[in-house]
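Residue numbers (our numbering), protein chains in the order written: chain A, 1 to 143; chain B, 1 to 186.
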C-alpha cells in the first residue's frame, strides 16, 4: 500500500466514492436486471441492443484487421514482384496464399469482389484476427 | 489496441451480463454524478461510445495484465466521456456558473481542483458538500470518507488503512449509499 498519496480533486473524490459505493451495492445485490429496472430500463431489450452493437463492431474490426494485414501482404508482394503487373501479380498472390486458409481467401476476394453476408457469417470468430497472417508472417522475406 | 487484446475484450463483452453491468454503471453515474447530458445523449449511448473508443478508435488504452476485466477501464472511459460531454456543452453554450451575487465564477475560484472547467468543478464541489452533509456526525462513515480523501482506494486499501475488514468497509459503503439517497437524487 502506498504511503505517499497525492491530493485529490473534488472530481476524483466523488468518482472514487461513487465507484466504491457501486461495487458495494453490486456485491450486495448482484441482480443487475432488477437494478436496471430501477432505472426504468428493460434489461432484455438493452442486452439485445448491446449484443447487436458488439457483433457489428466485431465484424468491422475483423475486416479492418484483415485489410491491414492483407495490405501489408500486398505491399510485400509488390516489393518482390516489382516487375510483375496485372494478371501476373494476381496469379502470384493467389499461388502464395495458403489454399487451405478459406478466411484469408475470403478477405482477399473481398478486395476484388463484393463479399456477401453469408460469407461473413461463415468466418470463424476466433481464428481470423489471430491466425490470419500466420502463414504470411512465417514466409521468408525473399522468394 | 492489438488484435489479441481486442479479441479478449470482445469475448468478454459477448457476455450480456457484462454489458448490463456497464449500462447499470452508466445509468447510476448519470443520475448520481453527471446529470443530464446535452443533445439527449443517454447512458447506453455513452457505453457504446466507450467500447468504440477503446476497441476501434485507439483513443484509449487497456492494461489487461493489471485489469483483466475489460469493464474496469470501460468504467473509467464512461466517466471520462460523461464529464467531457458536459465540458463541451459548457464551452459551446458559454453557460458560466455564477456566485450568489450574480458574478461569473472562474477556475481560480476552485484552487483545490485539477479540473479546469469551472462548471464541472462547481458541480463536483456541490456533490462533495451534499455527501459531507449526508454523513455529518457519523464517525464510521467519516473515517471512510477521510480515507478516500487521503487517496486510499479500493476497499482493500481502505480496510488496511483503517484496520478493519473489507466486509466492514463494504457495509459502511452501503450505509453511505443509503444516506446519500436521502441527500442526492440517486
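The C-beta atom is built at its ideal place from N, Cα and C for all residues, glycine as well.
{"Asked": "Inter-stretch contact (C-beta, 8 Å, three-pair minimum) for the stretch 172-181 of chain B and the stretch 34-45 of chain A", "Found": "no"}
{"Asked": "Cβ of residue 70(B) within 9 Å of any chain A Cβ", "Found": "no"}
{"Asked": "Under 7 Å (Cβ pairs) to chain A, residues found in the stretch 13-25 of chain B", "Found": "13, 14, 16, 17, 19, 20, 21, 23, 24, 25"}
{"Asked": "Reduced DSSP category for residue 70(B) - H, G, I as helix; E, B as strand; rest coil", "Found": "coil"}
{"Asked": "Bounding residues of the alpha helix (DSSP H) (the contiguous stretch that carries residue 26(A))", "Found": "10-28"}
{"Asked": "Residue 53(A) vs residue 29(B) beta-carbon contact at 9 Å", "Found": "no"}
{"Asked": "Counted within 10 angstroms of its Cβ, other Cβ atoms place residue 15(A) as buried (16 or more) or exposed", "Found": "buried"}
{"Asked": "Residue 63(A) at chain B interface by Cβ criterion, 9 Å", "Found": "no"}
{"Asked": "Chain A residues whose Cβ lies nearer than 8 Å to that of residue 27(B)", "Found": "36, 39, 41"}
{"Asked": "Option in 24(B), 88(B), 38(B), 170(B) with minimal Cα separation from residue 35(A)", "Found": "24(B)"}
{"Asked": "Three-state class that DSSP yields for residue 50(B) in the structure shown", "Found": "helix"}
{"Asked": "Three-state secondary structure (DSSP) of residue 169(B)", "Found": "helix"}
{"Asked": "Test: residue 38(B) CB closer than 9 Å to a CB of chain A", "Found": "no"}
{"Asked": "Under 8 Å from the C-beta of residue 31(A): neighbouring residues of chain B", "Found": "Simply none; closest approach about 10 Å."}
{"Asked": "Pair within 9 Å by beta-carbon distance, residue 71(B) and residue 18(B)", "Found": "yes"}
{"Asked": "Neighbourhood of residue 43(B) by C-beta, 6 Å cutoff - its chain only, sequence neighbours within 5 removed", "Found": "26, 27, 30"}
{"Asked": "Residue interval of the alpha helix (DSSP H) (run including residue 4(B))", "Found": "3-13"}
{"Asked": "Closer than 8 Å: residue 7(B) CB and nearest the ligand ADP heavy atom", "Found": "Here there are no bound small molecules, and the ligand ADP is not part of this structure."}
{"Asked": "CB of residue 55(B) within 9 Å of CB of residue 20(A), strictly", "Found": "no"}
{"Asked": "Min CB distance residue 170(B) to chain A below 9 Å", "Found": "yes"}
{"Asked": "Rounded straight-line distance, which links the Cα of residue 7(A) to that of residue 150(B)", "Found": "7 Å"}
{"Asked": "Endpoints, alpha helix (DSSP H) assigned at residue 32(B)", "Found": "First-last for residue 32(B): undefined, no H or E at that position."}
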